[in-house]
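Residue numbers (the UniProt record's numbering): 1 to 418. Idealized CB from N, CA, C, for every residue including glycine. Keep in mind the model is a prediction, meaning the values are calculated, not measured.
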């Protein structure tokens with residue numbers, strides 16, 4: 001860029017003034033050196049900053065008593081000396097650094113917003129800005145105006161390394177030194193967590209899934225190039241226990257994936273006595289039957305310790321659930337049998353029996369049991385008219401003292417043989 005200074009001297013005919021032109025580092029004054037200016041004449045100087053500098057000041061000592069008399073118009077400085085005859089004066093131009101005041105590098109992640117205000121160090125307002133090399137990161141643009149100011153801003157929409165340069169131009173056309181800016185955009189962190197699942201022993205393993213934390217810019221799991229998969233070592237035949245749900249796979253250029261395993265918890269099936277028929281009993285005749293149970297957590301412990309509902313005289317129940325002995329009396333009995341599993345949670349079950357009533361000690365007795373476990377409530381057995389020595393027996397399986405909620409009764413009357 002160039003400026004011109006003109007001298008015009010006419011006050012003293014045949015008299016000249018010597019004008020010395022000087023410039024600081026970062027620019028030049030043309031013509032340089034000394035000029036002899038006739039009285040009443042003027043001289044024009046062209047002021048030219050080097051790239052990266054701007055004209056910050058220009059003055060002279062060519063007026064009366066050394067006062068400045070030059071006029072700056074754009075890049076031209078006009079001077080008409082007003083000093084005494086055969087005197088000398090000086091024109092001095094000062095150039096200052098013209099640069100952008102921005103940091104040279106930025107480390108960001110995908111989806112974050114980059115916002116770089118553009119501020120110049122020097123330059124005659126208004127100062128404008130332009131991208132003069134490289135390419136801006138995807139999603140970022142140069143925006144603003146002379147009033148609101150300029151900035152590089154936008155949501156970073158693609159990971160990668162970007163280098164570009166920004167140059168400022170002031171009102172006189174002076175160019176700043178290009179500012180080289182490097183922006184590194186890393187993939188955003190994305191955590192995939194397997195959803196926990198709880199089911200009961202014997203149930204089919206459901207479709208496993210997960211939750212996602214870290215999506216940006218409206219992305220969803222469908223935005224992944226490859227979907228993550230969820231798996232477990234458990235099957236429908238697996239025993240009660242805890243099994244891991246693992247996450248693997250998944251791929252995206254925009255995200256750095258991390259995985260958090262989940263838990264598949266298989267609960268034991270509901271504890272229930274599965275013996276439904278005690279077979280035939282006869283007073284004075286040896287009897288033995290192993291009671292069966294399902295669900296719960298083995299091993300099981302059986303007992304019959306309810307003094308109000310004892311076993312028939314002559315029978316005993318082992319801890320392994322074997323009901324044995326020789327009934328000594330025919331009659332009606334209501335008995336409570338308790339089975340306890342190894343879990344911490346108690347559950348109670350109820351079984352109804354409708355035995356036949358005997359006429360004599362040798363009468364054969366058959367019994368049928370059925371029962372349903374429901375929510376916790378007391379159960380009152382309903383006697384059923386029978387023929388023979390047995391009227392009604394109630395067998396209840398319980399864990400830890402929980403009450404029976406409800407019982408569906410199925411009754412069957414067995415007639416004694418004559």
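Just the C-alpha distance for residue i and residue j, rounded to the nearest angstrom, thanks.
i: residue 93; j: residue 25; result: 10 Å
i: residue 88; j: residue 44; result: 16 Å
i: residue 235; j: residue 180; result: 60 Å
i: residue 189; j: residue 339; result: 53 Å
i: residue 20; j: residue 115; result: 48 Å
i: residue 356; j: residue 239; result: At residue 356, the pLDDT of 32 sits below 50, so the modelled position is not reliable; the number obtained from the coordinates is stated separately. Their Cα atoms are separated by approximately 40 Å.
i: residue 83; j: residue 23; result: 22 Å
i: residue 280; j: residue 336; result: 19 Å
i: residue 121; j: residue 113; result: 25 Å
i: residue 139; j: residue 126; result: 27 Å
i: residue 18; j: residue 40; result: 13 Å
i: residue 165; j: residue 244; result: 52 Å
i: residue 35; j: residue 51; result: 27 Å
i: residue 286; j: residue 297; result: 32 Å
i: residue 301; j: residue 206; result: 33 Å
i: residue 343; j: residue 273; result: 16 Å
Would you call the CB atoms of residue i and residue j closer than 8 Å?
i: residue 57; j: residue 28; result: no
i: residue 294; j: residue 322; result: no
i: residue 170; j: residue 124; result: yes
i: residue 249; j: residue 228; result: yes
i: residue 145; j: residue 74; result: no
i: residue 99; j: residue 155; result: no
i: residue 198; j: residue 267; result: yes
i: residue 71; j: residue 60; result: no
i: residue 218; j: residue 255; result: no
i: residue 151; j: residue 175; result: no
i: residue 110; j: residue 192; result: no
i: residue 53; j: residue 97; result: yes
i: residue 231; j: residue 264; result: no
i: residue 292; j: residue 275; result: yes
i: residue 162; j: residue 183; result: yes
i: residue 136; j: residue 95; result: no
Closest to residue i by C-alpha separation, out of the options, would be which residue?
i: residue 318; options: 303, 174 and 213; result: 303
i: residue 143; options: 313, 129, 298 and 135; result: 129
i: residue 222; options: 211, 232 and 231; result: 211
i: residue 330; options: 72, 298, 343 and 311; result: 311
i: residue 246; options: 268, 237, 256 and 194; result: 194
i: residue 253; options: 72, 298, 15 and 185; result: 185
i: residue 46; options: 37, 31 and 54; result: 31
i: residue 81; options: 97, 95, 96 and 64; result: 64
i: residue 284; options: 301, 276 and 313; result: 313
i: residue 67; options: 187, 53, 50 and 91; result: 91
i: residue 37; options: 62, 341 and 52; result: 62
i: residue 257; options: 164, 205, 187 and 297; result: 187
i: residue 290; options: 296, 132, 325 and 297; result: 325
i: residue 108; options: 153, 332 and 86; result: 153
i: residue 332; options: 342, 309, 159 and 105; result: 309
i: residue 168; options: 157, 149 and 161; result: 149
i: residue 201; options: 163, 220 and 242; result: 242
i: residue 278; options: 163, 315 and 220; result: 315
i: residue 251; options: 273, 220 and 262; result: 220
i: residue 328; options: 196, 160 and 282; result: 282
With DSSP as the reference, please indicate the residues paired to residue i in a beta bridge.
i: residue 63; result: In DSSP, residue 63 forms no bridge with anything.
i: residue 419; result: Nothing about residue 419 can be reported from this structure: the residues present for the chain run from 1 to 418 only.
i: residue 210; result: 194
i: residue 106; result: 183
i: residue 262; result: 245
i: residue 49; result: 27
i: residue 121; result: 99
i: residue 227; result: Bridge partners of residue 227: none, in fact.
I need the boundaries of the beta strand (DSSP E) containing residue i, first residue and last residue.
i: residue 189; result: 188–194
i: residue 16; result: 16–23
i: residue 316; result: 315–317
i: residue 72; result: 71–73
i: residue 169; result: 160–169
i: residue 128; result: 128–134
i: residue 239; result: Here residue 239 belongs to no beta strand (DSSP E), and DSSP marks it neither H nor E.
i: residue 153; result: 149–155
i: residue 204; result: That residue, residue 204, is in no beta strand (DSSP E); it is neither H nor E in DSSP.
i: residue 282; result: 277–282
i: residue 178; result: Residue 178 -> no beta strand (DSSP E), and no H or E assigned at all.
i: residue 144; result: 141–145
i: residue 117; result: 113–118
i: residue 330; result: Per DSSP, residue 330 belongs to no beta strand (DSSP E) and is neither H nor E.
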